Every structure is written in C-alpha cells, then in structure tokens.
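Trainee:
2 protein chains.
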Amino acid sequence: MKQFGSVLDTHRAQVEDALRNALVEAGGLPLYGMLRYFMGYEDAALRPIQGVSGKRIRPTLLLYIADMFGGSPVALDLAISIELFHNFTLIHDDIEDHDELRRGRPTVWKLWGINHAINAGDVQSLLANRYLLRAAATDSIGGAKAARILNDRFMEVAEGQFFDFELATCGLADERVTVDTYLEMIRKKTSVLLGAAAAAGGVAAGCDEQVSATLFSYGESLGLAYQLADDTSSIWGAVAETGKEAFGDVVERKKTFPILHARDHGFSERLTELYASHQPLTTQEISEIVDILNNSGAQEATRTLGETYVQIAKERAQELPIAKEAIQTLVSLVDTFVQFGLPITPDGR
Amino acid sequence: MKQFGSVLDTHRAQVEDALRNALVEAGGLPLYGMLRYFMGYEDAALRPIQGVSGKRIRPTLLLYIADMFGGSPVALDLAISIELFHNFTLIHDDIEDHDELRRGRPTVWKLWGINHAINAGDVQSLLANRYLLRAAATDSIGGAKAARILNDRFMEVAEGQFFDFELATCGLADERVTVDTYLEMIRKKTSVLLGAAAAAGGVAAGCDEQVSATLFSYGESLGLAYQLADDTSSIWGAVAETGKEAFGDVVERKKTFPILHARDHGFSERLTELYASHQPLTTQEISEIVDILNNSGAQEATRTLGETYVQIAKERAQELPIAKEAIQTLVSLVDTFVQFGLPITPDGR
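Protein chains in written order, with the working numbering: chain G, 10 to 358; chain E, 10 to 358.
1. Does any C-beta atom of chain G lie closer than 8 Å to the C-beta of Leu28 of chain E?
2. At the level of alpha carbons, what is the spacing between Ala35 of chain E and Gln236 of chain E?
3. Could one say the Cβ of Met194 of chain G lies closer than 8 Å to chain E's Cβ atoms, at least one of them?
4. Excluding the 5 residues preceding and the 5 following Glu109 of chain E in the sequence, name in chain order all residues of the same chain whose CB lies nearer than 7 Å to its CB.
5. Is the separation between the beta-carbon of Ala205 of chain G and that of Leu159 of chain G shorter than 8 Å?
6. Using only alpha-carbon positions, find the residue among E:Arg139, E:Ala182, E:Thr69 that is nearest to Ala208 of chain E.
7. Which bits of chain G does Glu105 of chain E rub up against, with CB to CB less than 7 Å?
8. What is the DSSP secondary structure of Phe316 of chain E, counted as helix, strand or coil?
9. Our contact map puts Gly169 of chain E next to Ser81 of chain E with C-beta atoms below 8 Å; I'd like the distance itself, whole angstroms only.
10. If I'm right that Leu202 of chain G touches Ile91 of chain G with Cβ under 8 Å, what's the distance once you round it to whole angstroms?
11. How is Glu105 of chain E classed by DSSP in three states: helix, strand or coil?
12. In chain G, which residues lie less than 8 Å from Leu141 of chain E when you measure between Cβ atoms?
13. Quick one, which residues of the stretch 44-63 of chain G are near chain E if we go by CB-CB under 9 Å, in chain order?
14. Is the Cβ-Cβ distance between Leu72 of chain E and Val220 of chain E less than 8 Å?
15. Does any residue of chain G bring its CB to less than 8 Å from the CB of His101 of chain E?
16. From G:Ala322, G:Phe349, G:Arg139, pick the residue whose C-alpha is nearest to that of Gln337 of chain G; which is it?
17. Would you tell me roughly how many angstroms separate the C-alpha atoms of Ile244 of chain G and Tyr227 of chain E, rounded to the nearest one?
18. Glu282 of chain E: buried (16+ other C-beta within 10 angstroms of its C-beta) or exposed?
19. Let me check understanding here. Comparing Cα to Cα, which of G:Glu261, G:Leu269, G:Phe349, G:Thr98 lies closest to Thr187 of chain G?
20. Compare the beta carbon distance of Leu136 of chain G and Met164 of chain E with 8 Å and say whether it is the shorter of the two.
21. Are the beta-carbon atoms belonging to Gly315 of chain G and Ala234 of chain G less than 8 Å from one another?
22. Check the Cβ of Ser134 of chain G against every Cβ in chain E and list those closer than 9 Å, keeping chain order.
23. Below 8 Å between beta carbons: does that hold for Ser62 of chain E and Gly79 of chain E?
24. Considering just the uninterrupted stretch of the alpha helix (DSSP H) at Lys333 of chain E, what are its terminal residues?
25. Consider the Cβ of Glu109 of chain E: report whether some Cβ of chain G lies at a distance smaller than 8 Å.
26. Could you pull the DSSP bridge partners for Arg114 of chain E from this structure?
27. Count the other CB atoms, across all protein chains shown, that sit within 10 Å of the CB of Ser242 of chain G; report buried if there are 16 or more and exposed otherwise.
28. Under 7 Å between beta-carbons, which chain G residues line up against Ala145 of chain E? List them in chain order, please.
29. Suppose the cutoff is 6 Å on Cβ atoms and the five residues either side in sequence are ignored; what does the same chain contact list for His20 of chain E look like?
30. Mind listing the chain E neighbours of Leu40 of chain G? Cutoff is C-beta to C-beta under 8 Å, in chain order.
31. Tyr284 of chain G: which of G:Asp300, G:Gln59, G:Arg45, G:Lys264 sits nearest, CA to CA?
32. Using a Cβ-Cβ cutoff of less than 7 Å, which residues in the same chain neighbour Gln348 of chain E once the five nearest sequence positions on both sides are dropped?
33. Beta carbon of Val260 of chain G, beta carbon of Leu302 of chain G: below 8 Å?
34. Taking a contact to mean a Cβ-Cβ separation below 8 Å, would you say Phe97 of chain G touches Gly60 of chain G in this structure?
35. Quick check: is the beta carbon of Phe163 of chain G nearer than 8 Å to any beta carbon in chain E?
36. Tell me the start and end of each unbroken alpha helix (DSSP H) in the stretch 192-237 of chain G that is at least 4 residues and wholly inside, in chain order.
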C-alpha cells in the first residue's frame, strides 16, 4: 500500500501541476476563474489558494499505465483531458441535482447562477477537447487512437446521465427500473471513464487491442466496484467517516442497488408505497426502509456483487504483460479505491 | 445571386445528408433523438420528418471555401463539426434565455426538461469533437490545423456567451456597458464562428496563414454585419417579413447597438430609467423608447456601422487568391446574408 501511495503521489503531483497550468493558460476571464475555483485552485473571489483537490484517480491511472507500457509523449495531454472532462460533468451534475455543496464548497451554479454554470461547464468540455486534439495531432499513431477512445467514452458518460434521469423519473415499481438497467447506468456514468483512462494510457504507449480491452475491463470493473461500495456507504456509512448524511440515499429516495435488491426480494409493495409519495420521509419511515434493507440482506448482496467486480479487476491486472510490481500496484489500487471495509454501523452514526 | 444560390444549394444538400447521417450513427437512444428533433429530422415523438432545417451557413461556407482552394478530404468532417457545435450552443442558449420556441417549434428543454436539455447539448458538443478528432487524425497537416482553429474559436463562443450574461445583468448606466463591450460580445458570440468556418475551410485545403487570416476576417466581418442587421430588424423589422415580435428587443429591454447609440447621444437619463424597472414596459413606454431611438438616429447609425462591416467583408473576399467567379460568389453571399434592405417601417408593422 505504501508503495502504491508513493507511485500515486508522483503521478498525481504531475497531473496537478499540468491541470493548474492548463486552467491558467485557458485565459484570464472570470469564466475560467470559475473553473479554477471548482478545481480548488482559487476561492470564490477568484484569488489563488492552496486548496484540497480531488483524488485525480483517472489521470493518475492513465499516466501510471502509460509509463508501465513504456511511456508516451501524449499521456499527459490525455490525462489533463480526462480530468477536465470529469470535472466538467460534475459542474453540470451539480446543476441537474440542485446540489449546493461539493467537497464542502458551494457549487458553481450556487455562486454564479445556473446560466454561468452551464456555460462554464461547456467551455471546460471544449478545453478537454483541446488536449485530445493535441494528442491526436502528434505523429504517434497511439495518440490519435487513445484520443478517440476517450471521446467515445465521454459520450457514453452522457448516455449514462440520460439513463440516470430516466431512472429517477420512473416509479420504483416501473418495469424499466431493473437491477440490469441500474448496473448499465452506473457502468456508463461512472465506470467507463475509469476503463477509458486505463485503456487510453496503454494505447498511447502502443499496446495492442487485446491489451487495450483488458485494461478497459480492469478500469471498468474497478469503477463498478467503487460505485457499489458508494451505494453501501451512502446508506450505512458512518457519518463521521464519510462526511455523508445518515442514510442519505434513502432520505433522497434514490433507486440504488440495495433498494432494488430489497424490492426484488419480497419487499416490493411497501417500498414502492414509501417511494411513491412526494412528501419528505419521516424519521420513522427512514428507519422502516433501513429495516427492510437489512431484513432483505441488501447490504451483503451489494457487497458480494461489488467484490465480484473487485475480483474481476484484480484478475485483469494479473493478465497484463507488465512487470510483477506494476501488477501488484494495480491490484493494490483496487483495495485502496474500493472501500467496502469502511466502518459501517447498522444505525449509520 | 442566382449563381450563388445554386452553389449554396449543392453544398447545403451535402451538409444536410452528412449531418443527418452523423446524428443517426450517433445512436438509437432518445438522447440522440432529441438532437435529431432539434435539427429538424424528427418530430417530438422522435419519428422521422421532412422538416424545415436551419440555413447551414457555416458548414456551407466552409465546404465552398475548401473547394475554392482545391478541396480537402476532411472538409466535410469539419463542416459537420461546426454545425453540430453551433446547434449545441442553441440548445443551451434556449435554456439560458428561457426560450420556449425556436424556428416555430418547442425547444428541447420545453419538451424534455432542463436536465435532459443540458445533457443533450453536452453530448452534441462531444459529437462535434468526434468529427474534429477525425479531421485532426488524418495525414493531411491541414486537417489538424483546421480542427485546432475550430476548437479555439468554439471556446471563444463560450467567452462571448459569458460577456452576454454580464451585459444582461448590468444596468444600462453601468460603466461596463459600452458600445465596445457590446461589439466584442457579438464578435465572440456570433462572428468568430463564421470567421472560423471560412478560415478552417481554407486551411484544410492547404492555404497559408496570411490567407487564413483574410478568410477569418471575411467571415468575422460578415458575422458582425449580420448581427447589426439583426439588431435593426429586431426593433424595426416588419412583423410579417421577419416573424419577430414588434419592437422585440425593446420589449425585452435588450442592450443592443441601437439602444447604446441612443443612450450615448443625449438620451441616457430617460432610457436608463425605463430600463431600470423590472415591470413589463407599457405600450406607451415602448413607443417612447422607439421615438427616442428614432430621434437619436439609432437606426441609421446601426446601418452605417453594419455597412462598414459589409464593405470590409467584400474587400477581404477581393483579396483572396481564388477565381474571380468565386470572389463574386463570396461577395454576393454578404448581400444575401446581411439584409439591411428588408422592408423596415417606423411602426414595425
């Protein structure tokens, strides 16, 4: 773990410098200041700060894998692009979900209004593309291929967002709301971007299609496992550890994997009833839903499925034609990133 | 004019086929159906229709200029990209301006809600990128350069949108609301995309930087002239001819060139007062503003400035190293596209 940590830190520092430069070079307009604010480089008055930034898992993974396959002159451009893209989707997600806080700070729409936030996200997507074009225009054939992988998967993220809206507007008893639909939604919305990071890193460094597919599957499985762990901690996670609201996904009536599991295992009628109302759930109703989840074995089922994806990710890592140490690093990353092991208490405190 | 018409039609038909294919190939999800709806290829139930489409001026200009410089294998990809980009900005503009109709049809947000409309615009921007990446990845060095020109100018359009929001929130007396700021806003928001269409067409076909700059200036001046003509017809245009609301920009208290001209020529106090209220303007107040505009010579001033840009565009066309007939076509396009000559009546009927 320690070894992986230091590998991660080296690449993360490189990403962080490049990202900050990219957003400074973008321009002096407050429009770009909003982007620097969101990335943690400026405060709400657009003054530079040393803030807490995101995990930068996608670009870090991309750079690390490119290095493990011999390196690529365009890996850093691709890494910047994927992180700019990911954060652009968050700026728009915050508008769509009416979220007022992210990483403990007011969201872009909350500070500057919805119009500026839509436009700021739009320009960040275009900036992400600038770095893809740079990678595609180099002589290295791998750069163009890797850029295309990223662009295609960026579109798939928007498709995942579409499915998310569709699921959100359906009732819990709607026949379109299935475990399969949910898994397809989180695959597109969350997982393909991790798959794309891994695949693009390898392809940029010249690896072939078979290895690219293995890399994609590694990242995708990692992403699915991560999301299922998040589904668990968003209900049962200890508030002190996660910083999340107690039973948050229940309070928000989200239709995540644990809920769908309980619905499909004998609790359909009562859950559908509790989910159908537009009134906020009472404390008693929240407790009732958590009891239903616990009685249906939803937490164990979510963890079991998540650990299946953990296993797939680790197997994919072991299939890669890279040094044993590098394989071990990728295996460790799965355990670092997917935290089913977080202290989870039945009452969520 | 007739000759230009037929040139335009050939290229426009080519663009239209390619655009329709691009949006069919994008995928079968309703997410892509929304885009086909917006482009006029499907109805609100997502069934194919033979609808009225936009003018497609940008991609048509791009293709025509590429052909005049000997053609380019990537011109069609670039043309698709610029039209997809332009329409993506309109999908988001409609959200931002709360517009419920465009080209006589309900807007995307009006039909499917704001969240879907944000996401649909996002995926269309990414689809526009796909075609830039295709152009950049070909062997032709011109393709990569032209793709970069488009991406850079796409970002400038978002900067123009930023300035537009800023102007809209300032009072008419605010020192930031100047003719220069307004012209810079319309330059970025409207004109650079026409400049980029012309320049990218030439660069893709191998023309040098000096010619590229001349082409850009041609398109940019055409765009500025067009916008000033639009400022005129959005106040004085005959309702029957334009399909616009009588005195529309006045009714909406827009701070366009004619208004700023009047403000700067002796009518600052009363105009600022009438613009400061948040109540809808009465019929009498609208008449008073139109009288102020007429007394200040705002219509003539707008037309005079617009005709200056018309002249610049025509001069740039004449500087191009292309056949005389092609120059004449580009000169005619200015007159076709910029219609200060529309019947304009003092009372806007």
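We treat Cβ as the ideally placed atom computed from N, Cα and C, and that holds for glycine. Fair warning: this is a prediction, and the values are worked out from it, not measured in the lab.
Mentor: So, from the data block:
1. no
2. 32 Å
3. no
4. Pro115, Thr116, Lys119
5. yes
6. E:Thr69
7. Asn124, Ile127
8. In the sequence under discussion, the amino acid at residue 316 of chain E is Glu, which differs from the Phe named in the question. Residue state, collapsed to three classes: helix.
9. Not confirmed; about 27 Å, so no contact.
10. 7 Å
11. helix
12. Asn138, Leu142
13. none
14. no
15. yes
16. G:Ala322
17. 60 Å
18. exposed
19. G:Leu269
20. yes
21. yes
22. Asp131, Ser134, Leu135, Asn138
23. no
24. 333-346
25. no
26. E:Arg111
27. buried
28. Leu142, Ala145, Ala146
29. Thr69, Leu72, Tyr73
30. Ala167, Glu168, Phe171
31. G:Lys264
32. Ala238
33. no
34. no
35. yes
36. 201-213
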